[in-house]
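Peer 1:
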Amino acid sequence: MSAHGKGHGGVGAYIGVFLTLMALTLLTVWAAYQHLGIWNTPVALGIATTKAALVALIFMHLKDSPKLTAMVVGSSLLFLAFLIFVTASDYLTRKWVPIYFR
Amino acid sequence: MSTSEPVPAVRPARPDYLNASYGVRSWLLTSDHKRIAILYLITVTFFFAIGGVAAALVRLELLTPAGDVFQAETYNKIFTTHGIMMVFFFLIPAIPAVLGNFLVPLMIGAKDLAFPRINLLSWYLLVIGGLIALWALIHGGLDTGWTFYTPYSTVYSNGWVVVTAVGIFIAGFSSILTGLNFIVTLHTMRAPGMTWTRMPLFCWGMYATAIIQILGTPVIAITLLLVGAERLFHLGIFDPAQGGDPVLFQHLFWFYSHPAVYIMILPAMAVISELVTAFSRKPIFGYKFIAGSSIAIAALSFLVWGHHMFVSGQSVYAGLVFSILSFMVAIPSAIKVFNWTATLYKGSVSYQTPLLYALGFIGLFTFGGLTGLFLASLGLDIHVHDTYFIVAHFHYIMVGGTIMAYLGGMHYWWPKISGKLYPEYWSRVSAWVIFIGFNLTFFPQFIVGYLGMPRRYHQYPEEFQVLNVMSTAGASILGIGYLIPLVYFIWSMRYGKDAADNPWGATGLEWQTPSPPPTENFVETPVVSGRPYDYATGREEVALG
Ligand code: HEM
Ligand SMILES: [Cu+2]
Chain C
405 MSAHGKGHGG
415 VGAYIGVFLT
425 LMALTLLTVW
435 AAYQHLGIWN
445 TPVALGIATT
455 KAALVALIFM
465 HLKDSPKLTA
475 MVVGSSLLFL
485 AFLIFVTASD
495 YLTRKWVPIY
505 FR
Chain G
226 MSTSEPVPAV
236 RPARPDYLNA
246 SYGVRSWLLT
256 SDHKRIAILY
266 LITVTFFFAI
276 GGVAAALVRL
286 ELLTPAGDVF
296 QAETYNKIFT
306 THGIMMVFFF
316 LIPAIPAVLG
326 NFLVPLMIGA
336 KDLAFPRINL
346 LSWYLLVIGG
356 LIALWALIHG
366 GLDTGWTFYT
376 PYSTVYSNGW
386 VVVTAVGIFI
396 AGFSSILTGL
406 NFIVTLHTMR
416 APGMTWTRMP
426 LFCWGMYATA
436 IIQILGTPVI
446 AITLLLVGAE
456 RLFHLGIFDP
466 AQGGDPVLFQ
476 HLFWFYSHPA
486 VYIMILPAMA
496 VISELVTAFS
506 RKPIFGYKFI
516 AGSSIAIAAL
526 SFLVWGHHMF
536 VSGQSVYAGL
546 VFSILSFMVA
556 IPSAIKVFNW
566 TATLYKGSVS
576 YQTPLLYALG
586 FIGLFTFGGL
596 TGLFLASLGL
606 DIHVHDTYFI
616 VAHFHYIMVG
626 GTIMAYLGGM
636 HYWWPKISGK
646 LYPEYWSRVS
656 AWVIFIGFNL
666 TFFPQFIVGY
676 LGMPRRYHQY
686 PEEFQVLNVM
696 STAGASILGI
706 GYLIPLVYFI
716 WSMRYGKDAA
726 DNPWGATGLE
736 WQTPSPPPTE
746 NFVETPVVSG
756 RPYDYATGRE
766 EVALG
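Protein sequences appear in the order of chains C and G.
Sequential numbering from 405 applies to the first sequence in the working numbering.
Sequential numbering from 226 applies to the second sequence in the working numbering.
1. Identify, in the order they occur along the chain, each residue of the same chain with its Cβ nearer than 6 Å to the Cβ of threonine 697/G, setting aside the five sequence neighbours on each side.
2. Does the beta carbon of tryptophan 479/G fall short of 8 Å from some heavy atom of ligand 2?
3. Which residues in the same chain have their Cβ closer than 6 Å to the Cβ of valine 673/G, if we skip the five residues on either side of it in sequence?
4. Could you check the C-alpha separation between valine 501/C and glycine 538/G for me, to the nearest Å?
5. Starting from the Cα of serine 643/G, find the closest Cα among Val546/G, Phe373/G, Thr442/G, Phe714/G and give me that residue.
6. The alpha helix (DSSP H) spanning threonine 306/G covers which residue range?
7. Roughly how far, in whole angstroms, is the beta-carbon of alanine 319/G from the beta-carbon of tyrosine 631/G, given that I think they are within contact range, below 8 Å?
8. Rounded to whole angstroms, what is the Cα-Cα separation between phenylalanine 427/G and alanine 516/G?
9. Leaving out five residues on either side along the sequence, give the residues of the same chain with a beta carbon under 6 Å from the beta carbon of methionine 534/G.
10. Mind reading off the beta-carbon distance from asparagine 746/G to proline 330/G? Whole number of angstroms is fine, and I expect it under 8 Å.
11. Would you say the beta carbon of threonine 529/G comes nearer than 8 Å to a heavy atom of ligand 2?
12. Using a C-beta to C-beta distance shorter than 7 Å, which residues of chain C count as neighbours of phenylalanine 480/G?
13. The alpha helix (DSSP H) that contains alanine 361/G, what's its start and end?
14. What are the start and end residues of each continuous alpha helix (DSSP H) run of 4 or more residues lying completely inside the region 648-675 of chain G, in chain order?
15. Identify every run of the alpha helix (DSSP H) within the region 572-630 of chain G, keeping only runs that are complete inside it and at least 4 residues long; order them along the chain.
16. Could you tell me which chain C residues have their CB closer than 7 Å to the CB of tyrosine 487/G, listed as they occur along the chain?
17. Taking the continuous alpha helix (DSSP H) assigned at threonine 454/C, which residues delimit it?
18. Would the C-beta of histidine 476/G count as close to ligand 2, meaning under 8 Å from any of its heavy atoms?
19. Going by C-alpha to C-alpha distance, which of Thr389/G, Ile439/G, Phe504/G sits closest to leucine 450/G?
20. Report whether the distance from the Cβ of valine 486/G to the nearest heavy atom of ligand 2 is below 8 Å.
21. Less than 9 Å between the C-beta atoms of glycine 626/G and isoleucine 509/G, yes or no?
22. Just curious, the alpha helix (DSSP H) that arginine 260/G is in, first and last residue?
23. Could you check the C-alpha separation between tyrosine 481/G and isoleucine 447/G for me, to the nearest Å?
24. Does any residue of chain C have a CB that is nearer than 9 Å to the CB of phenylalanine 535/G?
25. Ligand 2 and histidine 532/G: does any heavy atom of the ligand fall closer than 8 Å to the residue's C-beta?
26. With a CB to CB cut of under 8 Å and the five nearest residues on each side skipped, what residues in its chain are close to isoleucine 408/G?
27. DSSP has aspartate 464/G in a bridge; who is on the other side?
28. Tell me the rounded alpha-carbon separation between valine 490/C and valine 529/G.
29. Hey, would you say alanine 493/G sits closer than 9 Å to methionine 332/G, going by beta carbons?
30. Whose C-alpha, out of Leu603/G, Asp759/G, Gly662/G, Pro417/G, is nearest the C-alpha of threonine 750/G?
31. Rounded to whole angstroms, what's the CA-CA distance from isoleucine 343/G to isoleucine 401/G? Just pull it up for me.
32. Measuring only the C-alpha atoms, how far is alanine 279/G from valine 269/G?
33. How would you call isoleucine 395/G, buried or exposed, if buried means at least 16 neighbouring beta carbons within 10 angstroms?
34. Taking 8 Å as the cut-off, is the CB of histidine 610/G close to at least one heavy atom of ligand 2?
35. Roughly how many whole angstroms lie between the Cα atoms of threonine 403/G and leucine 316/G?
36. Using beta carbons (cut-off 9 Å, strictly below), is lysine 471/C in contact with chain G?
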């Protein structure tokens, strides 16, 4: 298993990421107690996304993976964006009623 | 058999994948993609039989207008069992996991899939998921329909929602892993000389399917998990009383389930591309367009899901956008149909059983696809939504399309899979019986749906009885049609004539290895030097060098 760490910044990088993840967890808890209004959810999601990115890039070695792997991850994100964007096109336009129905 | 059938070679005793080892263990622990394909074949046939029995019971109830055989709730449980078994445990795995598993490595000149043990794992996941779901459906019952719509599934239903969802969740991983295996295999294990544009169209179809399996399946898995979480822990995700939104469920469900209908049809199209070219003895017309349209369908299929939600209360604007996008999916689908037709045109067509099934597919799929356009028209859909018109539409595609192609493919590759020939006369009979039974079952449903008969009720007004009797009669014929191949395929394993290595004189690497293939597929790794489907016209080959 020791070969696992080699070429990826070694154990040091893992510990660094681990500490960052812990710090971000504390930040999430702290942020949950602040009154950020409509920013509550975006802030929480932003922190969570950063954590997920760190895990994927460093723990899962995405950073040093072949292009094909990056493409697979990239297209997953693209389709996740489709899911959110197209669903939003419903939710954000619920109040739009055609003129002749008004 | 036709006259062009080569005399079966006297087979020297040589090891093949079927006789390489014996015993239950050698099958249940195999990592040979060909044996795993056989395991899948047995499994999906079993689930198909269960779904078929449920269908028969549904049609029995609908023979008469009164709800006289089952109570309403029992009826709901039966059609739910039918839908769940057929969709999640038969149609989705059928062609990729059986034919795809068997053929992808053979067609690209590889020894196996990239991850043979993961391949075996996916089979176990399907079996475990399927048995859990089946147990829930029979023991406790589920009355939500295969679509699990909220708030019914989360708040009101007394059925075994969570257990069934767990079964589907587990089977979802089977689908994801199969897709992953195909993508990696096709990227990394093609034989020397097999460039992307020399790859058989069947493999392109599997590739496009795999993309959807990987990108879509996680969404249905999480969605069902959320339904479970809401039922068990009363989280407010879909429940409006707690600030949730039931329509959100439909968005998430159809984000997967519309692409999933393409998980069912893309592999079918992939089979048809092989059959049409082999039996018209011409290179396929428009290879790149057929390959590209598979990928286009895979991508576009993720953008049209809202056509299932025109009357759900989604915004008028979203309905408009989904309607337009749904029309666009028809373009790559039509490209394929036109290319198959152009391939047949002036070909030396031989009407053997696989082609009969393929022609059935082309007709029925076209019918199903065109009625899809009716449904994609916002205004018209409000009239026919949730009627038997919808039921007829998707059965034309899923049964008339996918199952026809699956059977066509099974006949075409059966000599390779089993090393035996099936009886030609009976196979033609089966193709005709299925085609006639199918149309008699489902065509009347278009009419009765257009006249206003809603789906998912156990009784209906008197005036719809004639059409329903036709439908039930057709279903009986269709059922017999499906039993005939089951019988003669099993019969042929023992009594069939030995098949030659290439009984159809077809191109493709799978025909250049013995029937049935040895465990390692090829004695020597093949080297590919030309385009696929190089049938004897020669013209194209010379012109394109
Ligand atoms: C040209 C392509 C297609 C178009 C435009 C299309 C359009 C539609 C539309 C608009 C609906 C919803 C109707 C309603 O509920 O009111 C629908 C339902 C359905 N379609 Fe298609 N369709 C197409 C191809 C397919 C294919 C290829 C399959 C399957 C392999 C399929 C399977 C289904 C199923 C299962 C449903 C009903 C789901 C349910 O409510 O239980 N369709 N289609
Ligand atoms: Cu759809």
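Even for Gly, the Cβ is constructed at its ideal location relative to N, Cα and C.
Peer 2: Let's see:
1. Arg284, Leu288
2. yes
3. Tyr613, Phe689, Leu692
4. 12 Å
5. Phe714/G
6. 297-309 is the span of the alpha helix (DSSP H), which, as asked, contains threonine 306/G.
7. 5 Å
8. Across the structure, phenylalanine 427/G and alanine 516/G are spaced so that their CA atoms are roughly 9 Å apart.
9. Gln475
10. That belief holds up - the Cβ atoms of asparagine 746/G and proline 330/G are roughly 6 Å apart, short of 8 Å.
11. The question names threonine, but residue 529/G in the sequence shown is valine. For valine 529/G, the shortest separation between its Cβ and any heavy atom of ligand 2 lies below 8 Å.
12. Residues of chain C passing the Cβ test: Leu487.
13. From DSSP, alanine 361/G is part of no alpha helix (DSSP H); its letter is neither H nor E.
14. 649-675
15. Note on the region 572-630 of chain G: whole alpha helix (DSSP H) runs with a minimum of 4 residues are 578-601, 603-609, 613-620, in chain order.
16. Simply none; closest approach about 14 Å.
17. Run containing threonine 454/C: 444-458, per the alpha helix (DSSP H) assignment.
18. no
19. Thr389/G
20. Flag set: Cβ of valine 486/G near ligand 2.
21. no
22. Counting along the chain, the alpha helix (DSSP H) containing arginine 260/G begins and ends at 258-286.
23. C-alpha separation (whole angstroms): 11 Å.
24. no
25. Yes, ligand 2 has a heavy atom inside 8 Å of this Cβ.
26. Tyr432, Ala435, Ile436, Ile439
27. Answer by DSSP bridge pairing: none, since aspartate 464/G is not bridged.
28. 9 Å
29. no
30. Pro417/G
31. C-alpha separation (whole angstroms): 11 Å.
32. Spanning the two alpha carbons is a distance of roughly 15 Å.
33. buried
34. Flag unset: Cβ of histidine 610/G not near ligand 2.
35. 14 Å
36. no
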